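Going by the numbering used here, the sequence shown opens with residue 84, and the numbers climb by one from there. C-beta atoms are modelled at their ideal positions from N, C-alpha and C, and glycine is treated no differently. Keep in mind it's a predicted model, so treat the numbers as computed, not measured. Working notes, structure below.
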Amino acid sequence: MDAHDERGTTMTGVEPNRLDDQQLMKELETIHRTRHDTLLYGSNGALRAHNERMAQLEGEYLRRNPHRPVAAGRTREGARERNAADTTTPTTPGT
């Protein structure tokens, strides 16, 4: 099976809902790993295709995992608490 199709100038992959969980995670890991280089060095078309594919894959992951665990520090409230702790903790220069 060919994992990618060329249609015009946009590269599309296998529909995310056709991937099993392991394949979906592999696709997500790959797209996140290549994100920085695509942003910095990819053409506008490449970046647009990357954005579309990432949104498709992440959307499918969220659809399959609506109750995924969320780390407290990754919420707005958790970030506020972390920032408040950082500003109230006295520090001694040179230690």
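For residue i, which option in the options has the closest C-alpha, if you only look at C-alpha atoms?
i: N110; options: A162, P152, L140; result: Asn is not the amino acid found at residue 110; the sequence shown has Glu there. The option with the nearest alpha carbon to E110 is L140.
i: H115; options: V97, L130, R147; result: L130
i: L107; options: R118, L145, G156, L122; result: L145
i: H119; options: M137, P152, R151, T158; result: M137
i: N148; options: D104, V97, G96, E98; result: D104
Less than 8 Å between the C-beta atoms of residue i and residue j, yes or no?
i: E135; j: N100; result: no
i: A167; j: G161; result: no
If I measure Cβ to Cβ from residue i and keep anything under 8 Å in the same chain, skipping five residues before and after, which residues do I get?
i: G125; result: H133
i: R165; result: G156
i: T117; result: H133
Please work out which residues of its chain come closer than 6 Å, Cβ to Cβ, to residue i, disregarding the five sequence neighbours upstream and downstream, and give them in chain order.
i: T113; result: none
Using a threshold of 7 Å, is the CB atom of residue i nearer than that to any non-hydrogen atom of the ligand GDP?
i: R146; result: By its list of ligands, the structure shown contains no ligand whatsoever, and the ligand GDP lies outside what it can speak to.
Within the region 88-170, ranges of the beta strand (DSSP E) (whole runs, at least 3 residues): Here the runs fully enclosed are 93-96.
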